[in-house]
Structures are given as structure tokens and as C-alpha cells.
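Shown next, in C-alpha cells, is the structure this report addresses.
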Amino acid sequence: MSFLRITSPHGHSPLNTAQVMQAVLLATLPGIAVLTWFFGPGTLINIVFGGALALALEAIALRLRDRNPQRYLQDYSVLVTSTLLCIALPPYAPWWLVATGILSSVILGKHVFGGLGYNPFNPAMVGYVVLLISFPLQMSSWQAPRGLGEIPGVTESLTALFVPASYDGVTMATPLDLLRQNKGLLLDDLFSSTPQFSQWAGVGWEWVNIAFLAGGAWLIYRGIFTWHAPLAMLLALGLCAAIGFDSGSSESGGSPLFHWLSGATMFGAFFIITDPVSGATSNRGRLIFGALVGVLLYLIRVAGNYPDALAFAVLILNFAAPFIDQYTQPVTYGHKPSREDDE
Amino acid sequence: MNTVFNMHGGIHPKEEKHLSNPGTVLDAGLPPSLVLPLSQHIGKPSSLCVAPGDHVLGGQLLAEADGMVSVPLHAPTSGTVVAIEPRPVPHPSALNNLCLQLECDGQDRWIEFAGCEDWRVETPDSLISRIRAAGVAGMGGAGFPTAVKLMARERLPLQTLIVNGTECEPYITADDTLMQVDAAGIVEGAQILAYILGVKQILLAVEDNKPAALEAMQKAAEAGGDDCKVMTFPTKYPSGGEKQLIEILTGKQVPAGGLPADLGIVCQNPGTAVAARDAVCFGKPLTDRIVTLTGRALTRPGNYRSRLGTPIEYLLTVAGFDPTQNRRLIHGGPMMGFALESAAVPIIKTTNCILVPTEQELPTPPDAQACIRCGLCAEACPASLLPQQLYWYARAKDQEQLERHHLADCIECGACSWVCPSHIPLVQYYRAAKGMMRESKTEKIRSDRSRDRFEARQERLERETLAREAQRAARRAAAEQKAAEGGANDPVAAAIARAKAKKESPSDEGADS
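Protein chains in written order, with our numbering: chain A, 39 to 381; chain B, 18 to 530.
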């Protein structure tokens, strides 16, 4: 009788790529839930709409590239991309904004380069930056959080998505905007005089960040990615903020805690810069990658003119990732530097 | 109880060691005929000293060692040599190799063995020749001739002998079983090897998932003397890899391209230690070994003492093979073993395990998906390589980068493939890439050689031309001188001489122009 001939190893760990992607999707749930609580169902509706669109686009792209859509769609990667993009988009964005973003992410960010595994840039951030540059107004109008403005219901949210002209929501400057535009107020005064601020950071935002932190911690615990990049990014951001804090003067860039719990910090640290495809490879490389994202994030937040700086920081570092890889190769067994000298 | 160091990476696959009930040795029995490959070790095949039709006794020499790196082969029972011809042997590429078929006569009569009374009074060289004569080759998997490994003592100062009872591969319990049933034999064998090597320290390494073996070894080590020390460490694959084990036990790394002997260390397998003891103390050649027959497609899995050359199909029958759920037959363990195409191959000196899993137990891998650069492979790699980078470079056939990323240091343990969520057969890419690099290295040597030959030829031709020119010049000078001398006396004679000189070297004239 003839047996099947396959090369070793014959066993395999129970984890596969689809499960990795599913775990990431699952870990976004706490963050999405908190976003929905504070800002209404807009994000959720964007995610569903964007996800459906992304699946369709991926299937078309795969067909055009002569790949079997059924097989490749099962890896869930496009849902991760679309979900991450839609989390970053303002809730109650018009449908064409979401569609343009998904199109840019899936086609421009991913399939143009050869699909999953070949994209040099984080696809979600490609989509986000395309929108930010093309439609700055729509991209910087963020719904006021629960308690400060009225939260739209599902019908209103759907109207906002599909009949944008008839929707008139309550938008408000985010805490990051307020801090950047602050001229003259001491930090304490700014916090006490503006309703968007709360004890640590912004109303709602601090809980959004804590929820994404929790999801990320779970992913690290599951071994989906390592702690290196997120920790390095948060430490670097904290360090920059500590230096720029200026004891809370009117010139202050905000406290480390404020930066950790504002905007897309935790979302970025655990869901964006941990994208393995466009990040650095080795653990040492990930430390450098994360730290540089943290520094850029702070600099662009404080000196730039955008609602948040994550997308730019990440894309710039995506450029640098192969370069970082080049210089952070781990020392192979038996190649200790002392021995390399006499080789 | 002992200090051990950490190795990089590693994985924790399901151990499945309980399946084969470690600690009990079953008898595989005597098959109707044995097939003995002449190459069961690393090095040159043994050279035959029997012919078809010969009747041999158990323990009788069938083939001699051919050269330094080779071992002899002995009859595992009495019977008649019926055929000497190429047969399929257990090899990853399903090779045919010269084999000797021995029809067993069922009487199992043996020659008399003569061991040495007290090995402590023998010289190391005489002990080495006893081990060589008994056909002992490394029984852990590589099958390197033990006598050759022992000669490391002549080149380098050695301090430590490590008996590698780690057995980190899932499923396999052959060494575990041996440690439980013959710990004293292992310790004595280790002491013989240590004596030959001139080392004072013997480390008996046992992973902490084998408490019974550990206890047995500890008892035997205490009885054996002060030089033996049992070391235990956490279970992790592949801590039993020679280089990994050395790092775990000593904290030192074997330099790239070097041998453990460079650190003053020699590693041996427990089975090899017992075989060396048998060779030295009883004069008994290596003719059988413990083979773990395991997997859920067997109804009677276990550790079977099997004669070398026993066909695997015979062993499968003994262990109760149920083919309905099985697709794969694996020689070795699930991590580094290779799949056999047919069960009509014999077991050899390096066969520690025959694994016959059900499809549910070790499913056929799905098609590979795209690499998402997740880096789990780099986390798992015990050699601290970047497996995914190597994968990209292997696909691109970028030899320069493969070398820069130390492909040669890959031990092919399979940890990277095991963790890869995209089911990419990474190790297979590295094997292919290593083959490609070997080939291009040979190609380079060959082209270097022909360039050297060409240059040497050019040089020779040039030299010859110069020599010819010099000769011609000398002749011309001589003729002119003669003419000058003779011209004063006789112009006719001078003219004749000139014509003669010209006639003598027409080809030179031609070459000149």
C-alpha cells in the first residue's frame, strides 16, 4: 500500500490565520461597544456597511487577480481592515466617505500590492489618510459625546449614512482639537472651563481608550502579537508628553495620561501598529517601530493641524519598517558578537 | 535542584507520550526474514563479507567498515543470506540502497561473544576499536559512527559528556523506556565513554516530563559515582537538539559551523551508551534496538525491542495496525520524522519511532495561505533566526540574503512550520534553499577549477611561445656569428649555412609572423 508523503513537521499548532483575524475582530468589541455608548450607533453602522462593501470589493479584486475568492475570503483579513478603518472614521459619516475609504483601503492599500501579506502600508491607514487629505471637513466633524449632545438613534444614523444632506447632527471639537487650539489658558483652566474635558482626558474618550487597551491586552495574552510595539509606543508617547507638559502652562502639550487616553492612542497601539504585515519583524525592530510611532504621534498632535496624528505616524513608519528590519536582525545561535570577530 | 539556562524559542506541541506506555519493553519477535541496508549510518556503506547462499549465525559479521567513517554490520539472528540487491530503505527521498536479505532459520543461534573483564584497565584506543567492531552508530537519529565521535579527544581538550535523554519529540518514548529499564546500563556506558574521552563530568539530561525515567536515572547515577549528575529542565521542543541542550545545560552556544567538542563537550544518546557498554563489556554487536510503535492507528502501541532489518510492515502487524483511518506512515517523530511511501522498508540503527497516526490525529495540512509576517515563527525559532525573512529570500532565491540571515544555522526542527498560522511549509523551503546553495557552491568550485585550468593553460602557452622565441633568437645569433666568422673566409659556405639555418626552422618563421 502507498502512504501519503508530506515533509515534516507532521503536526501543527491549533492556530490558523483566520483565527488570528477573528481574535483581532473579537478584541475590537469592547472598544466598539464604548464608542457606541458614548457616540451612538454611527460607528457600528459604518462597520456593518463598510464590512459588506469591503467583502464585495475583495471578492472582485480576487476575481480580477485570478484568485479563488471563496478560499481567500475565509481568512477574514479584509474584515479586519474594514472594521479598523470604520472605527477610525467619524460616526454619521456619509456613505460615500465610508465607500471611498474602503475602496482606498482594499484596492489601493492591499490588492494593488498583491493582496494579503504583500502590502507595505497599513491598509486601514491608507484609506484613512486618503479621506483625511481629500475631505478634511467631513473627517474632522466628530459627534458630541453622550451627556454633551443628543445621541442619534438607529433611524437617524441610517439617514446620516445614506441621505447625508438631510442629517444635521451635533458635532463638537474633540479634546485633542481643543488642546491644540488652546491659546492662553492654563491647562487646569482649560479642563475646568470646557465641558469636553473630564478628569483624565476627554469625556467618553478616556473610556474608549481603556476599552481598546483591554482588548489589546487580551490579544497579547492570547499570543496574537507581542507587547513590544505597543509598549514602546505608549512609553515614547508618555515620555514626549512628560517633556512637553511644561507644568500645565498655556503652552503645555498635555499630560502623558491625557495623551494615552485621547484620540486613537490605544486603538493605534494595539490594533494598528501591531499589524504584522506592514510593521517591523523582529522584537527589537518592533520596539524601535513602536517608539518612533509614539514620538511622531506626539509631534504631529502638538504641531500639526489634524484631528489626530496616528495615521500619518504609522504610514511614515511603514516606510521605515524594511530599513528597521535590516538593522535589527537578532543574533543567531552560535553567532555571539565576541565570536563574530574572528570569523 | 540544578541550574539550567533558557533556550530561545521553542514550542509545546501535544506530547502524546502516554500512548506508547513508556517503561515497558515488548518483544517484536522474529520475522521470517530481515532486510539489512549496508548504509544505516552517516559515512561510507559497509563492505560485504558474505555472499548469497551463506549460512550465518546471530552476531556474525556480514559487512565490514569501509574506511574511517563507516561501521560494520552483524547478523541479528541465524539464517541464510538469500539476496544482496538494491531495496527501498527508510530515507526521506525513498531511495533504493544495497541491502542484504537474511532468511531467518527460526533457531536464533548465536556466535560466542567475548567482552573485556575490566574496561578500566584497557587503553581508550582498544575500547574504541571494540565499539567500532560492534557496529555502534548514534542511535538518536543521525547515525554518526560512535567510534569516530570518540576520536574528538585527539583534537580538542574535552571536559563533559552529555547523555541526551531529552527525547523532546512528541510521541517517542524509546529513550524514556530505556532509561526506566536499564538506567544502570546507560550510566556504565556513559562511564566507559567518559573514560575513553578522558572527561571527568557526565551530565545525564532528562526533560521533566519523564518522572519515572528521571528517578531511575538518579538512582543509577548515585550508584555510579560522583562523576555522574542528572540534570532536569522544563519540557519544551526542541530542547533535545544537541545545540539547544548544550545551551540549556551550560549556558554556552556552540559556535556557528563548529562542533560541541569546540566547547569541550560530546553528546551521546542513551541507546548509544548502552550499545557501547554491550560492545565493551560483553563483546555484543549492535543488532537490535527499542522502537516506539505508536499512533492511534495502532491497537497495540508500545516500545518493541526489534531486530535491525525487521520490515516495518511486520512491526505494524505486531502492533495491530488499523489502516482505515490512516494516511501517513512516519519514520521518526511528528516534528522531524519523514513520511515513508511504503511499509516494505526495514528498521535501521537510527529508527527510534514508527508513527502511524489517524487522519484525525495528524490531519493532512491544508493549502498554505499568504504569510502575514506575524512573527510567530521568529518567536518559536530555537536558533533565533527570522524564519519569515528566510522564507521570502528562499522564494526569491536570494542567496546573498539567505547567507546573511544564517540559513545554514537552521536545524530544521520544524517549530516555525508548526506555529505558522498560514500553514506555510517553511522547513521545506529551507531544505530546498539549502540544497540550492549547496549546488551553487559546487557549481562555483567547478567553475573556479575550470577557470584555473584555463588560466594555467594560457600561461603555459605563453611560456612556450617565449621559450621558442628565445631559442630562435639564440639560433639566429649563432648563425650570424658563424656567418661573420665564415664570411671572412668563404662567402659560399656562409650562404649555405644561412640557407640551412632557414630550412631548419620554417615553422618558427611561420609562428613569427
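Glycine residues also receive a C-beta, built at the ideal position from the N, C-alpha and C atoms.
Cβ shell of residue i (< 7 angstroms), same chain only, five flanking positions each side left out
i, result
"B:Val271", "Lys260, Ile263, Pro277, Asp279, Leu280"
"A:Ser142", "Val164, Gly165, Val168"
"A:Leu224", "Gly286, Ser287, Ser288"
"B:Glu526", "Bear in mind that the predicted position of B:Glu526 carries a pLDDT of just 47, short of 50, making it too unreliable to give a figure here."
"B:Glu32", "Pro187, Asn226"
"A:Arg109", "none"
"A:Val333", "Ala274, Cys278"
"A:Ile140", "Gly88, Leu91, Ala92, Leu95, Ser120, Leu123, Gly165"
"A:Gln60", "Tyr114"
"A:Asp379", "Bear in mind that the predicted position of A:Asp379 carries a pLDDT of just 43, short of 50, making it unreliable; the figure below should be weighed with that in mind. Contacts found: none."
"B:Thr177", "Val216, Gln218, Leu220, Gly281, Ile282"
"B:Thr163", "Ile148, Val153, Ala154, Gly155, Thr289, Ala293"
Counted within 10 angstroms of its Cβ, other Cβ atoms place residue i as buried (16 or more) or exposed
i, result
"B:Gln498", "exposed"
"B:Lys166", "buried"
"B:Asn85", "It should be noted that the sequence gives Met, not Asn, for residue 85 of chain B. Counting Cβ neighbours within 10 Å, B:Met85 comes out exposed, since fewer than 16 surround it."
"A:Ser115", "buried"
"B:Lys34", "buried"
"A:Asp227", "exposed"
"A:Leu42", "exposed"
"B:Ser56", "buried"
"B:Gln406", "buried"
"A:Leu67", "exposed"
"A:Ser40", "exposed"
"B:Ser95", "buried"
"B:Phe471", "exposed"
"A:Asp346", "buried"
Near the ligand MN: residue i beta-carbon under 7 angstroms from a heavy atom
i, result
"B:Gly392", "No copy of the ligand MN occurs in the structure displayed, which carries no ligand at all."
Close Cβ partners of residue i (< 6 angstroms) along its chain, the five nearest in sequence each way excluded
i, result
"A:Phe283", "Ser290, Ser293"
"A:Phe76", "Pro183, Arg184, Gly242"
"B:Phe130", "Phe299, Gly300, Lys301"
"A:Met177", "Leu169, Leu170"
"A:Leu330", "Leu355"
"A:Leu100", "Pro107, Tyr110"
"A:Leu295", "Trp238"
Chain-order list of residues whose beta-carbon lies under 8 angstroms from that of residue i (same chain, five-residue window excluded)
i, result
"A:Pro8", "Because chain A in this structure spans residues 39 to 381, residue 8 of chain A falls outside the shown range and cannot be described."
"A:Thr264", "Ile258, Asn321, Arg324"
"B:Arg448", "Glu429"
"A:Phe361", "none"
Any C-beta of chain B under 8 angstroms from that of residue i
i, result
"A:His149", "no"
"A:Leu117", "no"
"A:Gln367", "yes"
"A:Val58", "yes"
"A:Thr121", "no"
"A:Phe41", "yes"
"A:Ser320", "yes"
"A:Asn54", "yes"
"A:Thr370", "yes"
"A:His50", "yes"
"A:Arg377", "Low per-residue confidence applies at A:Arg377: pLDDT is 42, beneath 50, and the placement is therefore not dependable enough to give any value."
"A:Gly328", "no"
Contacts of residue i in chain D (Cβ-Cβ under 8 angstroms)
i, result
"B:Met353", "Here the protein chains are A and B, and chain D is not one of them."
Proximity test, Cβ basis, 8 angstroms: residue i and chain A
i, result
"B:Ala450", "no"
"B:Ala381", "For the sequence presented, residue 381 of chain B should be read as Thr rather than Ala. Yes - at least one Cβ of chain A is within 8 angstroms of the one on B:Thr381."
"B:Asp529", "With a pLDDT of only 46 at B:Asp529, under the threshold of 50, the placement of this residue in the model should not be trusted; the figure read from the coordinates follows. Taking Cβ atoms only, chain A never reaches closer than 8 angstroms to B:Asp529, which makes this a no."
"B:Leu78", "no"
"B:Lys458", "no"
"B:Pro255", "no"
"B:Glu526", "Because B:Glu526 carries a pLDDT of 47, less than 50, the predicted location of this residue cannot be relied on, and no value is offered for it."
Original post:
On the three-pair Cβ rule with 8 angstroms, is the stretch 336-354 of chain A touching the stretch 293-309 of chain A?
Top reply: Verdict: yes, contact present.
**OP:** Taking 8 angstroms as the threshold, find out whether the stretch 247-255 of chain B comes into contact with the stretch 206-226 of chain B through three or more Cβ pairs.
**Re:** They touch, by the three-pair rule.
**OP:** Please specify which runs of the alpha helix (DSSP H), each continuous and at least 4 residues long, are wholly inside the stretch 349-406 of chain B, giving them in chain order.
**Re:** Runs of the alpha helix (DSSP H) inside the stretch 349-406 of chain B: 393-397.
Subject >> Length-filtered (4 minimum) alpha helix (DSSP H) runs lying within the stretch 186-263 of chain A >> reply: The qualifying runs are 192-200, 213-219, 225-231, 243-259.
Original post:
Do the stretch 385-392 of chain B and the stretch 355-369 of chain B meet, that is, are 3 or more Cβ pairs less than 8 angstroms apart?
Top reply: As far as the Cβ criterion goes, the stretch 385-392 of chain B does not touch the stretch 355-369 of chain B, which means the pair count is below three.
Original post:
Going along the chain, which unbroken runs of the alpha helix (DSSP H) with 4 or more residues stay wholly within the stretch 118-156 of chain A?
Top reply: Listed in chain order, the complete alpha helix (DSSP H) runs (minimum 4 residues) inside the stretch 118-156 of chain A are 133-141.
Original post:
Which parts of the stretch 85-116 of chain B are runs of the beta strand (DSSP E), unbroken and 3 residues or longer, counting only runs that do not cross its ends?
Top reply: The qualifying runs are 96-105.
Original post:
Are the stretch 69-77 of chain B and the stretch 41-55 of chain B touching, with three or more C-beta to C-beta distances below 8 angstroms?
Top reply: Contact between the stretch 69-77 of chain B and the stretch 41-55 of chain B is absent: fewer than three C-beta pairs spanning the two stretches fall below 8 angstroms.
Original post:
Does the stretch 119-130 of chain B come close enough to the stretch 102-110 of chain B to have 3 or more Cβ pairs within less than 8 angstroms?
Top reply: No, because fewer than three Cβ pairs between the stretch 119-130 of chain B and the stretch 102-110 of chain B fall closer than 8 angstroms, the two stretches do not touch.
**OP:** Determine, using beta-carbon pairs with one atom in the stretch 183-201 of chain B and one in the stretch 139-155 of chain B, whether at least three such pairs fall under 8 angstroms.
**Re:** Counting Cβ pairs under 8 angstroms, fewer than three are found: no touch.
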